Amino acid sequence: MQDLKELVLLLRQHNIHPLKHLAGAADSKSKLLALYEGIARGKFNTDQEAAAGLYENEQGESSRYRKLKSDLRERLLDAVFHINTELEHYSDYQKAYYECHKQWVMVRFLTGQNANTAALSLANRLLRQSEKFDFTLLCMDIASYLRIQYGLRESNDKRFKEANQQFEHYRKVYDAECLAEELYTALVVRTVNNRSAQEDVARQAEEAFQRIEQALEDYHTYKLHMYGSMIGLMRFTSRNDHASALEYCNKAIHFFEKRPYEARVPLQIFYYQHLICNIHLRQFEAGKESARQCIKLMQEGTFNWFKYKELYLHLLLHTHQYEEAPEVLFHTLEHPRFEFLPENAKEIWRIYESYIYYFSAMGKLEWPVKEKFRWAKFISDTPIFSKDKSGMNIAIMVIKFLILLQEQKFGRLLDEVEAIEQYCYRHLRGENTKRSYYFMKMLLQIPLGQFEREIVEPKAARFREKLQSYSLQLANQTYEIEIIPYEDLWEMALASLKVPASRSQR
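Residue 225 in numbering that gives the first Met the number 0 sits at position 226 of the sequence shown; the count goes up by one each step and never skips.
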């Protein structure tokens, strides 16, 4: 069902209704239209719902639904070819990519129909266009085609040698691109669900970069420099050297801005990283400028758009601009493409949601939806990061404690003291989690201080001093963990504490 939902959404975004001609029809094909419209209107979210809705009490429900679903999939895929790629929101790079590959299909078709002269002329023009836009694999395919045509069909030795040299050049470039892609992907796979393994990542990134450094100097193509520059950047981000990372981002941005086309995706990536570096360096005005550059380049609903919104929300919360935060949060959660995000990306947003709820409970902002935040559902929606004990699970532990405190569920907090102590000892004693360690120790003083502010503050003072000695800018901690600066959360935690009766009556 997920693939159908994605295709329906894509076509609706381009105002294409592939079954419009069936509207009002009374034949058996109307079930095809009913399935399409059921998905489009959100009536059918699972195969079970669709099968029951379309074939209720009918024999052979399962097999008939599978056939109907397969027919709809084919109709939707056929309709994808009717999407107009000349629309304004497509970059010149995207338009060229679609057009060049259409022309390549034309070359192969003409060759198969023995229109070889026309095919050869088109192939030569296509190679020049593909070179301009760094379509390396396509260049290699065209060069291979040309050497066969000039060598076997025309026996033109000079043109054969030229085509062969072009093929060998692009094969080397393509090998370098594939290596960079492989090395970067391997780095990401190792770290995506474990955000605390920084030392290994730094070492691996340095080793990977050394393997492609010469290729980056020799070749200047889109794909090679996108993956190669991301590897180069990881050498600094994994060590939390944000000043060097910022400088490296500027270098990558300069490279892609000089390409003879709009390199929208890599520019998004490096402006996004530029924003992260500015957040770490507490350069918020520069961060806002990075955000403005990001939004110019992004198409709503793409993966990078969601990542940008995540980072922008982080920026709002760290600059005390709380009023705008719920709008950013719920605009994202309610977006039709949110459900297509990878699970770990969706979990990050669920964690942000819990913090926004806490802020509303503390009276810092308005909770804009009727449905109350449910803790049990939140835990079931974050299974990946609940296991990331030295990473994002810290943010989950913190918000759980704060919500229980705000709701004055003191008995449950007292029951949690020993478990939190063990958690701190086992998972938060490393160099990359010092701020979290001291903050959790501060929170532990609350139940130990009988939930009375006058007792808690002196008990927590030494841990607070330690926390402040590890500023956010200098800490090695992954930036996502501290969704709200711990100093701000501590003030809110204190605001939830009891005031002695004698003092409250003064």
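Using N, Cα and C, we set each Cβ at its ideal position, and we do this for glycine too. Since the structure is predicted, the reported quantities are computational estimates derived from the model, not experimental observations.
Should residue 209 be labelled buried (16 or more other beta-carbon atoms within 10 Å of its own) or exposed?
Taking the sequence shown and counting its residues from 1, the one referred to as residue 209 is at position 210. When all chains shown are included, residue 209 counts as exposed.
In whole angstroms, what is the alpha-carbon distance linking residue 355 and residue 323?
Within the sequence shown, the letter at position 356 stands for residue 355. Within the sequence shown, the letter at position 324 stands for residue 323. Whole-angstrom Cα-Cα distance: 11 Å.
For residue 263, count neighbouring Cβ atoms within 10 angstroms of its own Cβ and tell me buried if that reaches 16, exposed if not.
For this step, residue 263 is matched to residue 264 along the sequence shown. When all chains shown are included, residue 263 counts as buried.
Please state whether DSSP places residue 43 in a helix, a strand or coil.
Start at 1 with the first residue of the sequence shown, and residue 43 comes out as number 44. It is coil, neither helix nor strand.
Return the CA-CA distance between residue 345 and residue 117, expressed in angstroms with no decimal places.
Indexing the sequence shown from 1 puts residue 345 at position 346. Indexing the sequence shown from 1 puts residue 117 at position 118. Going from the Cα of residue 345 to the Cα of residue 117 covers about 50 Å.
I'd like to know if the segment 128-138 and the segment 154-162 are in contact, where contact means that at least 3 CB-CB pairs between them fall below 8 Å.
Result no; under three Cβ-Cβ pairs closer than 8 Å.
Anyone know if the C-beta pair for residue 48 and residue 339 falls short of 7 Å?
Counted from its first residue, the sequence shown places residue 48 at position 49. Counted from its first residue, the sequence shown places residue 339 at position 340. Taking 7 Å as the Cβ cut-off, residue 48 and residue 339 do not qualify as a contacting pair.
For residue 482, I'd like the list of residues in its chain whose CB is within less than 6 Å of its CB, leaving aside the five on either flank, ordered along the chain.
Translated into the one-based positions of the sequence shown, residue 482 becomes position 483. Hits under 6 Å: 354 and 394.
Let me know the alpha helix (DSSP H) ranges lying completely inside the segment 406-463, each 4 residues or longer, listed in chain order.
Counting whole runs of 4 or more residues, the segment 406-463 contains the alpha helix (DSSP H) stretches 409-426 and 433-447.
To the nearest angstrom, how far is the alpha carbon of residue 152 from that of residue 259?
Within the sequence shown, numbered from 1, the residue matching residue 152 stands at position 153. Within the sequence shown, numbered from 1, the residue matching residue 259 stands at position 260. So the alpha carbons of these two residues sit roughly 35 Å apart.
Count Cβ pairs between the segment 203-218 and the segment 244-261 that sit closer than 8 Å; are there 3 or more?
No, because fewer than three Cβ pairs between the segment 203-218 and the segment 244-261 fall closer than 8 Å, the two stretches do not touch.
Please identify the residue among 411, 123, 228 and 314 whose C-alpha is closest to the C-alpha of residue 252.
If you number the sequence shown from 1, residue 252 lands on position 253. It is 228 whose Cα lies nearest to the Cα of residue 252.
Tell me whether residue 350 is buried or exposed, calling it buried when 16 or more other Cβ atoms sit within 10 Å of its Cβ.
By 1-based counting over the sequence shown, the position of residue 350 is 351. So residue 350 ends up on the buried side.
Starting from residue 278, trace the alpha helix (DSSP H) in both directions and tell me its first and last residue.
For the purposes of this step, residue 278 is taken as residue 279 along the sequence shown, with counting starting at 1. Element bounds for residue 278: 263-279.
For residue 19, is the classification buried or exposed, using 16 other Cβ atoms within 10 angstroms of its Cβ as the cut-off for buried?
Here residue 19 corresponds to residue number 20 of the sequence shown, with the count starting at 1. By the neighbour-count rule (16 or more Cβ atoms within 10 Å), residue 19 is not buried but exposed.
Return the residue from the list 216, 254, 201 and 223 that minimises the CA-CA distance to residue 237.
One-based indexing of the sequence shown puts residue 237 at position 238. Nearest of 216, 254, 201 and 223 to residue 237, Cα basis: 201.
To the nearest angstrom, report how far apart residue 285 and residue 222 are at their CA atoms.
Position 286 of the sequence shown holds residue 285. Position 223 of the sequence shown holds residue 222. So the two alpha carbons sit approximately 28 Å from each other.
Helix, strand or coil: how does DSSP classify residue 89 here?
Within the sequence shown, the letter at position 90 stands for residue 89. Residue 89 falls in the coil class under three-state DSSP.
Out of curiosity, what's the CA-to-CA distance linking residue 30 and residue 37?
As a position in the sequence shown, residue 30 is number 31, starting the count at 1. As a position in the sequence shown, residue 37 is number 38, starting the count at 1. Using only the alpha carbons, I get a separation of about 10 Å.
Might you give, ordered along the chain, the residues of its own chain that have their beta carbon closer than 8 Å to the beta carbon of residue 83, omitting 5 neighbours on each side?
Counting from 1 along the sequence shown, the entry for residue 83 is found at position 84. Counting only Cβ-Cβ distances below 8 Å, and skipping sequence neighbours, we find 13.
Does the distance from the C-beta atom of residue 290 to that of residue 266 stay below 7 Å?
As a position in the sequence shown, residue 290 is number 291, starting the count at 1. As a position in the sequence shown, residue 266 is number 267, starting the count at 1. Their beta carbons are not under 7 Å apart, which means residue 290 does not touch residue 266 by this criterion.
Counting C-beta neighbours from all protein chains within 10 Å, is the total for residue 279 16 or more, i.e. buried, or is it exposed?
For this step, residue 279 is matched to residue 280 along the sequence shown. So residue 279 counts as buried.
Enumerated in chain order, which unbroken segments of the alpha helix (DSSP H) with a length of 4 residues or greater are wholly contained in the segment 184-257?
Whole alpha helix (DSSP H) segments, 4+ residues: 197-217, 221-236 and 241-256.
Exposed or buried, residue 306, counting other C-beta atoms within 10 Å across all chains shown (16 or more means buried)?
As a working mapping, residue 306 is identified with position 307 in the sequence shown. Flag for residue 306 reads buried.
Secondary structure at residue 387, three-state DSSP: helix, strand or coil?
One-based indexing of the sequence shown puts residue 387 at position 388. Coil at residue 387, not helix or strand.
Assess contact between the segment 416-426 and the segment 459-467, defined as three or more Cβ pairs (one per stretch) separated by less than 8 Å. Is contact present?
They do not touch, by the three-pair rule.
Candidates 185, 217, 207 and 187: which alpha carbon is nearest residue 173's?
Walking along the sequence shown from the start, residue 173 turns up at place 174. Per the Cα distances, 217.
Mind checking whether residue 400 and residue 442 have CB atoms under 7 Å apart?
Along the sequence shown, read from residue 1 onward, the residue named residue 400 stands at position 401. Along the sequence shown, read from residue 1 onward, the residue named residue 442 stands at position 443. The answer is yes: Cβ separation under 7 Å.
Within the same chain, show all residues whose beta-carbon is closer than 8 Å to that of residue 45, passing over the 5 residues directly before and after it, in chain order.
Taking the first residue of the sequence shown as 1, we reach residue 45 at position 46. So the list reads 0, once near-sequence residues are dropped.
Residue range of the alpha helix (DSSP H) that residue 16 falls in?
Position 17 of the sequence shown, counted from the start, is the residue given in the question as residue 16. Careful: residue 16 lies outside any alpha helix (DSSP H) and carries neither H nor E.
Just mark residue 113 as buried or exposed, buried being the case when its beta carbon has 16 or more other beta carbons within 10 Å.
Working through the sequence shown from its first residue, we reach residue 113 at position 114. With fewer than 16 other Cβ atoms within 10 Å, it is exposed.
Consult DSSP for residue 473 and reduce its assignment to one of helix, strand or coil.
The sequence position of residue 473 within the sequence shown is 474, counting from 1. Reliability of the predicted coordinates at residue 473 is poor, the pLDDT of 49 falling under 50, and no value is obtained from them.
Quick check: what's the CA-CA separation for residue 298 versus residue 304?
As a working mapping, residue 298 is identified with position 299 in the sequence shown. As a working mapping, residue 304 is identified with position 305 in the sequence shown. Spanning the two alpha carbons is a distance of roughly 7 Å.
Output the boundary residues of the alpha helix (DSSP H) element that contains residue 329.
Counting from one through the sequence shown, the residue named residue 329 turns up at place 330. Counting along the chain, the alpha helix (DSSP H) containing residue 329 begins and ends at 324-332.
Assign residue 438 to one of two classes, buried (16 or more other C-beta atoms within 10 Å of its C-beta) or exposed (fewer than that).
Along the sequence shown, one-based indexing puts residue 438 at 439. Looking at its Cβ environment, which holds 16 or more other Cβ atoms inside 10 Å, residue 438 is buried.
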